[in-house]
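K.L.:
Residue numbers (our numbering): 103 to 268.
Below you will find the structure I want to go over with you.
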């Protein structure tokens, strides 16, 4: 309320002061704590509250704004994109799709690496050995690349939900 009043946002300041009065009708600023102009506005708002039965019946629940970041981060830890979607952000679909694609790619590459390694170990002819080793090595690099992308996607998702959620 004090910041809003200092910035000239009188309607917003009055609303915040009304909320303060709803929470604690006996609240008083300490002498010298605020400027006389702000004290006058507060006294007006407090006077309106005391005189108005309609205003005094209002609840102060709208004042409490919960911080949902912990909940949203937990959801995104469970499955990337879920926290963003729970916060109403469409980019949650991107994170969910990117993470799913990289996990599937990692799984396929890991399976193919295992198969190529088994084939490589079964080879006896030097030309076949080299060819199968090259195939195994290619899948090994693909697997590592997909695992890195999966980790980067997961981390990016958590950073996104951590810093963009309120």
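Ideal Cβ positions, reconstructed from N, Cα and C, are used throughout, including at glycine.
For residue 240, decide whether its Cβ has a neighbour in chain C, counting only Cβ atoms nearer than 9 Å.
P.N.:
Looking for chain C here will not work: only one protein chain is present.
K.L.:
Touch check for the segment 218–231 and the segment 133–153: three-plus C-beta pairs under 8 Å?
P.N.:
The answer is no - the segment 133–153 does not touch the segment 218–231, with fewer than three Cβ pairs under 8 Å.
K.L.:
Applying the 10 Å Cβ sphere with the 16-neighbour rule, what's the burial state of residue 108?
P.N.:
Numbered from 1 along the chain shown, position 6 holds the residue referred to as residue 108. Looking at its Cβ environment, which holds fewer than 16 other Cβ atoms inside 10 Å, residue 108 is exposed.
K.L.:
Using DSSP with H/G/I as helix, E/B as strand and the rest coil, what is residue 163?
P.N.:
By one-based count along the chain shown, residue 163 stands at place 61. Any reading at residue 163 needs caution, since the residue's pLDDT is 45, under 50, leaving its predicted position unreliable; the model's value is listed next. DSSP places residue 163 in helix when its eight states are reduced to three.
K.L.:
Please classify residue 208 as buried or exposed, where buried requires at least 16 other C-beta atoms within 10 Å of its C-beta.
P.N.:
The residue labelled residue 208 in the question sits at position 106 within the chain shown. Residue 208 comes out buried.
K.L.:
Roughly how many angstroms separate the alpha carbons of residue 230 and residue 236, rounded to a whole number?
P.N.:
Your numbering for residue 230 matches position 128 in the chain shown. Your numbering for residue 236 matches position 134 in the chain shown. For residue 230 and residue 236, the distance between alpha carbons rounds to 10 Å.
K.L.:
Between which two residues does the alpha helix (DSSP H) harbouring residue 234 extend?
P.N.:
On the chain shown, position 132 is the one that residue 234 refers to. Residue 234 -> alpha helix (DSSP H) spans 228–266.
K.L.:
Between the segment 238–245 and the segment 256–264, do at least 3 Cβ pairs fall closer than 8 Å?
P.N.:
These segments do not touch.
K.L.:
Going by DSSP in three states, residue 169 sits in which element: helix, strand or coil?
P.N.:
For the purposes of this step, residue 169 is taken as residue 67 along the chain shown, with counting starting at 1. DSSP places residue 169 in coil when its eight states are reduced to three.
K.L.:
Between which two residues does the alpha helix (DSSP H) carrying residue 121 extend?
P.N.:
Along the chain shown, read from residue 1 onward, the residue named residue 121 stands at position 19. Run containing residue 121: 112–125, per the alpha helix (DSSP H) assignment.
K.L.:
From the DSSP output, in three-state form, read off residue 130 for me.
P.N.:
Position 28 of the chain shown holds residue 130. Correct three-state label for residue 130: coil.
K.L.:
Might you give, ordered along the chain, the residues of its own chain that have their beta carbon closer than 7 Å to the beta carbon of residue 188, omitting 5 neighbours on each side?
P.N.:
The residue given as residue 188 occupies position 86 in the chain shown. Excluding positions up to five away in sequence, the list reads 174, 177.
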